[in-house]
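*Asks:* Questions regarding the structure given below will be posed in turn.
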Amino acid sequence: MIVESHWRTLKHDYLHRFNRPRVDLVVWVLASRVLPDAIHRMKAISSGQFRIFKARWREAFKKQWRREASKTVDPDKLKEYHTSPVNWVCSCKSFLHSRFLICKHIVHCFESPSPDFFETVSRQTVYPFWKDERLVLLPEFASREGLRTRKLHGNIEMQDTTLASPLDSSGSESEQDEEDDQEAVPLEIQVAEFRTVMQEAIEIFEDQVAKGNEKFVERFIASNQINRTLVEEVKHRRNMRSMPRTWGRCKHPATMYFK
39 MIVESHWRTL
49 KHDYLHRFNR
59 PRVDLVVWVL
69 ASRVLPDAIH
79 RMKAISSGQF
89 RIFKARWREA
99 FKKQWRREAS
109 KTVDPDKLKE
119 YHTSPVNWVC
129 SCKSFLHSRF
139 LICKHIVHCF
149 ESPSPDFFET
159 VSRQTVYPFW
169 KDERLVLLPE
179 FASREGLRTR
189 KLHGNIEMQD
199 TTLASPLDSS
209 GSESEQDEED
219 DQEAVPLEIQ
229 VAEFRTVMQE
239 AIEIFEDQVA
249 KGNEKFVERF
259 IASNQINRTL
269 VEEVKHRRNM
279 RSMPRTWGRC
289 KHPATMYFK
């Protein structure tokens, strides 16, 4: 997909006047036009010269931030989702599925940023995932997060004191790890057990159908709706003419791993 995107840019921006261009012409355009322009854009981005060129994701980030800021937030949801604006984490679905790792709960904890914020904000690979001097926490959340960090440091100190114990504890931990390794069941055995259980379940179901036990049959069918969902999603994928998205919204947890 990335190669197709680069070729589309090359074709539309530099070779739009040529139908089926010669290879030597394409090489000359790459060396004399495409690469110098790309280097110029990269230097502008790295040096912060946004008037020359601005990363394309910044406009989309700004729109999503504005959209999340316009939503109403229930204060109780901040506790329910364990929202931490300092660490920039939240357990709501919007945050987990967001391209920029933002949601209305995190945006609600900060003051309204200035327009320059969207030009200079930088993303990090560790939390907090977004960092900028213009990103200011609201006073009520700043005090709460300070108390939370103090508690966290206190727990870390307690853990350090417990870790400074004799070597016998490490020996017991290694013995527990060995026991856990021994208790691990191979996948082949799990598959065989699961297949046996499913066959026995079908036999029980057929037996109750023959006896006319409607209540049992209705409850059995209702409890297996998740399997019907899996079959429907797999059929839909098989009939698709395009490649399915890896992180598409699937109702069954096993659908995304189907080959």
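Take any residue in the sequence shown, count from 1 to its spot, add 38: that is its number in my numbering. Even for Gly, the Cβ is constructed at its ideal location relative to N, Cα and C. It should be emphasised that the depicted structure is a prediction, and the values quoted were computed from it without experimental measurement.
#1: Who are the Cβ neighbours of Q79 in its own chain at under 6 Å, not counting the five residues just before and after it?
#2: By Cβ distance below 6 Å, which residues in the same chain neighbour T200 in space, the five residues on each side in sequence not counted?
#3: Are there 16 or more other CB atoms within 10 angstroms of the CB of S122, so buried, or fewer, so exposed?
#4: Cβ atoms of E106 and K131: under 7 Å apart, would you say?
#5: Find the nearest neighbour of K101 within the set A292, F156, R60, judged by alpha-carbon distance.
#6: Return the CA-CA distance between I242 and L225, expressed in angstroms with no decimal places.
#7: Where does F148 fall in DSSP's three states?
#8: Mark D146 as exposed unless 16 or more other C-beta atoms lie within 10 angstroms of its C-beta, in which case mark it buried.
#9: List the endpoints of the continuous alpha helix (DSSP H) containing L134.
#10: Going by C-alpha distance, which of W126, S85, S70 is nearest R161?
#11: Report the three-state DSSP secondary structure of L175 (helix, strand or coil).
#12: Please state whether DSSP places V124 in a helix, a strand or coil.
#13: Using the three-state DSSP reduction, which class does K115 fall into: helix, strand or coil?
#14: Run through DSSP, which three-state label would S160 get?
#15: What is the residue span of the alpha helix (DSSP H) that L225 lies within?
#16: Would you mind sorting E256 into buried or exposed? The rule is 16 or more other CB atoms within 10 Å of its CB.
#17: By alpha-carbon positions, which one of G250, N262, S43, L48 ends up nearest to A239?
#18: Does DSSP put Q197 in a helix, in a strand, or in coil?
#19: Applying the 10 Å Cβ sphere with the 16-neighbour rule, what's the burial state of I264?
#20: Assuming the contact rule is C-beta atoms closer than 8 Å, T293 and V272 should be a hit. Round their C-beta distance to whole Å, please.
*Replies:* Taking the definition as stated:
#1: Taking the first residue of the sequence shown as 1, we reach residue 79 at position 41. Here residue 79 is Arg; the residue named in the question, Gln, does not match the sequence. Cβ within range, chain order: F91.
#2: Residue numbering aside, residue 200 sits at position 162 when the sequence shown is read from its first letter. The predicted position of T200 is uncertain, since its pLDDT is 45 and thus under 50; no value can be drawn from it.
#3: Counted from its first residue, the sequence shown places residue 122 at position 84. Counting the other Cβ atoms within 10 Å of the Cβ of S122 gives 16 or more, which makes it buried.
#4: Residue 131 sits at position 93 when you count from the first residue of the sequence shown. Residue 106 sits at position 68 when you count from the first residue of the sequence shown. Contact flag unset, no.
#5: Residue mapping note: residue 101 aligns to position 63 of the sequence shown, counting from 1. The alpha carbon of K101 has as its nearest neighbour, out of A292, F156, R60, the alpha carbon of F156.
#6: Taking the first residue of the sequence shown as position 1, residue 242 is located at position 204. Taking the first residue of the sequence shown as position 1, residue 225 is located at position 187. Whole-angstrom Cα-Cα distance: 26 Å.
#7: By 1-based counting over the sequence shown, the position of residue 148 is 110. Note: F148 maps to strand in three-state DSSP.
#8: Walking along the sequence shown from the start, residue 146 turns up at place 108. For clarity, residue 146 is His in the given sequence; the question names Asp instead. Its Cβ being crowded by 16 or more others within 10 Å, H146 is buried.
#9: Reading the sequence shown from its first residue, position 96 is the one you call residue 134. Segment 131-135, the alpha helix (DSSP H) holding L134.
#10: The sequence position of residue 161 within the sequence shown is 123, counting from 1. For the residues W126, S85, S70, the minimum Cα distance to R161 belongs to W126.
#11: Here residue 175 corresponds to residue number 137 of the sequence shown, with the count starting at 1. L175 sits in a strand when the DSSP states are folded into three classes.
#12: Start at 1 with the first residue of the sequence shown, and residue 124 comes out as number 86. It is coil, neither helix nor strand.
#13: Walking along the sequence shown from the start, residue 115 turns up at place 77. K115: helix per DSSP, three-state reduction.
#14: Working through the sequence shown from its first residue, we reach residue 160 at position 122. Of the three classes helix, strand and coil, the one that applies to S160 here is strand, per DSSP.
#15: The residue you call residue 225 lines up with position 187 of the sequence shown. Annotation for L225: the continuous alpha helix (DSSP H) segment containing it runs 225-249.
#16: Your numbering for residue 256 matches position 218 in the sequence shown. With fewer than 16 other CB atoms across the displayed protein chains lying within 10 angstroms of its CB, E256 is exposed.
#17: Within the sequence shown, numbered from 1, the residue matching residue 239 stands at position 201. Measuring from the Cα of A239, the nearest candidate turns out to be N262.
#18: Taking the sequence shown and counting its residues from 1, the one referred to as residue 197 is at position 159. Only weak support exists for where Q197 lies, its pLDDT of 47 falling under 50; the value from the coordinates is given anyway. Helix, per DSSP.
#19: Your numbering for residue 264 matches position 226 in the sequence shown. Result: exposed.
#20: On the sequence shown, residue 293 is found 255 positions in, with the first residue counted as 1. On the sequence shown, residue 272 is found 234 positions in, with the first residue counted as 1. Contact holds; Cβ gap of about 7 Å.
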